[in-house]
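Structure, as structure tokens:
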Amino acid sequence: MELTILGAASHYPKPGAPCSGALLEHDGTAVLVDAGPGTLAELQRYRSPADLDAIWISHVHADHTADLLPLYYALRFGDLPERPPVPVLGPPDLRKRLVAFLGGGAEDGIDAAFAFTSLADRDARRIGAIDLTWRAVDHDVPAWALRAEAGAASIVVTGDAAPCTALQELAAGCDLLLAEAGAEREDAHPAHLTPEQAGALADTADASRLVLTHLALTLDPADAARRAATRYDGPVEVAVSGARVSVGLPTVEA
Ligand SMILES: [Zn+2]
Ligand SMILES: [Zn+2]
Numbered sequence: 001m002e003l004t005i006l007g008a009a010s011h012y013p014k015p016g017a018p019c020s021g022a023l024l025e026h027d028g029t030a031v032l033v034d035a036g037p038g039t040l041a042e043l044q045r046y047r048s049p050a051d052l053d054a055i056w057i058s059h060v061h062a063d064h065t066a067d068l069l070p071l072y073y074a075l076r077f078g079d080l081p082e083r084p085p086v087p088v089l090g091p092p093d094l095r096k097r098l099v100a101f102l103g104g105g106a107e108d109g110i111d112a113a114f115a116f117t118s119l120a121d122r123d124a125r126r127i128g129a130i131d132l133t134w135r136a137v138d139h140d141v142p143a144w145a146l147r148a149e150a151g152a153a154s155i156v157v158t159g160d161a162a163p164c165t166a167l168q169e170l171a172a173g174c175d176l177l178l179a180e181a182g183a184e185r186e187d188a189h190p191a192h193l194t195p196e197q198a199g200a201l202a203d204t205a206d207a208s209r210l211v212l213t214h215l216a217l218t219l220d221p222a223d224a225a226r227r228a229a230t231r232y233d234g235p236v237e238v239a240v241s242g243a244r245v246s247v248g249l250p251t252v253e254a
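All residue numbers for the sequence shown refer to full-length UniProt numbering, where the first residue is 1 and numbers rise by one.
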């Protein structure tokens, strides 16, 4: 299974650094995980939006969802090949929020672009060659974390989350943990993980490798990796847009 980082910035995108989004691929199946601002353009380096098999959205914060708005325009009115609605697995109020923002005929048109399924705790869905399972996690809005499995390979994406039992259970034994580090200190942003907490999660879960993403703006990437490594003996990297990681195969590209 291959993970491509489309964006890893927190709060707002910068040139060459979109907000949260990743592409999961295995054996021809493609799942977009979060659609932060900047990720729709980045996605097209690898795959047409018309060729997505599903979209999984962790929570409604704009840094994880904003590019669903232009993606709606692309699917409804763009120059893409016609296709059935893209399955969107996301928070229960995601459709309502998108329709409210889009206005116009979106109430009638959005179901032609997207086929919504509401996330609930401990649910699962097989998308082509990839099995997805998710858990509700602690954040300041309803939020979920994702585990993707294909063959013997497993990737866990925390989305935005504070430390919680659900994260530990979901991440148990995974090959790759893509963990947010949105808090420089525990008391500054309690709805997010600090680098140490991300490292501790990887350690408790016995993850094979840890990739930090969604770093607090005040965190230096090298320092964040060093802090995570104080709690975790495995390899620690920091996500950047364009990084591709193969899980279940020995190759890593950046
Ligand atoms: Zn976020
Ligand atoms: Zn958030």
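Where is the CB? At the ideal position from N, CA and C, for every residue including glycine.
Cross-strand partners of residue i (DSSP beta bridge)
i, result
"V156", "R147 and L177"
"P87", "A115"
"S246", "E2"
"A124", "T133"
"T204", "DSSP lists no partner for T204."
"T213", "E180"
"L24", "L3 and V31"
"A17", "K14"
"I55", "L32 and V88"
"A9", "C19"
"V238", "L212"
Residue from the options with nearest C-alpha to residue i
i, options, result
"E149", "G78, L176, L69 and L6", "L176"
"R185", "A179, Q197 and C174", "Q197"
"L219", "H192, R231, P190 and G182", "G182"
"L210", "H189, A239 and P190", "A239"
"G199", "A191, H26, D233 and E25", "D233"
"V247", "T230, L178, G21 and L43", "L178"
"A30", "T4, A202 and A9", "T4"
"S241", "L43, S154, A162 and G103", "L43"
"Y46", "R126, E25, V88 and D187", "E25"
"A216", "H61, F77 and H192", "H192"
"A124", "I110, G78, A145 and D111", "A145"
"A62", "P91, H189 and P81", "P91"
Beta-carbon separation (whole angstroms), residue i vs residue j, contact threshold 8 Å
i, j, result
"L52", "A113", "Actually they are not in contact, since the Cβ atoms of L52 and A113 sit about 11 Å apart, beyond 8 Å."
"G7", "A17", "7 Å"
"H214", "S20", "6 Å"
"V236", "L201", "Contact doesn't hold; Cβ gap of about 12 Å is too wide."
Burial state of residue i (16 or more Cβ within 10 Å)
i, result
"T251", "Bear in mind that the predicted position of T251 carries a pLDDT of just 44, short of 50, making it too unreliable to give a figure here."
"R83", "exposed"
"P85", "exposed"
"Y72", "buried"
"T158", "buried"
"T230", "exposed"
"E2", "buried"
Chain B within 8 Å of residue i, Cβ atoms only
i, result
"Y232", "Any reference to chain B falls outside this structure, which holds one protein chain only."
- Query: Quick one: any contact between the segment 65 to 80 and the segment 159 to 166, if contact means 3 or more CB pairs under 8 Å?
  - Reply: no
- Query: Does the pairing of the segment 108 to 122 with the segment 88 to 98 give three or more beta-carbon distances under 8 Å?
  - Reply: yes
- Message: Does the segment 29 to 45 come into contact with the segment 4 to 15, if we say contact requires no fewer than three beta-carbon pairs (one atom in each stretch) closer than 8 Å?
- Response: yes
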